[in-house]
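All the letters of the sequence shown, read from the start, carry residue numbers 20 to 69 under my numbering. Backbone N, C-alpha and C define an ideal beta-carbon position, used for all residues, glycine too. Report on the structure given below.
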Amino acid sequence: MITKEALHQEKLMRCFFVSQDNTFLIEKTKTYKNKRKQKKIEDNFRNSKD
Numbered sequence: 020m021i022t023k024e025a026l027h028q029e030k031l032m033r034c035f036f037v038s039q040d041n042t043f044l045i046e047k048t049k050t051y052k053n054k055r056k057q058k059k060i061e062d063n064f065r066n067s068k069d
């Protein structure tokens with residue numbers, strides 16, 4: 020017999036792991052976007068010097 024409490028704990032753990040994955044993904048996309056933005060800025064700078 021699974022108690023309500025145990026079920027709740029499991030749900031919390033599952034949520035925790037999912038959110039861990041999400042933060043990881045969000046961080047990855049953030050750094051990726053920032054790198055692209057940085058590259059764009061550098062390219063613009065290079066082009067404007069000519």
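Between the alpha carbons of residue 39 and residue 57 lies a gap of roughly 27 Å. Per DSSP, residue 21 lies in no alpha helix (DSSP H) and is assigned neither H nor E. Straight across, the Cα-Cα distance linking residue 55 with residue 36 is about 29 Å.
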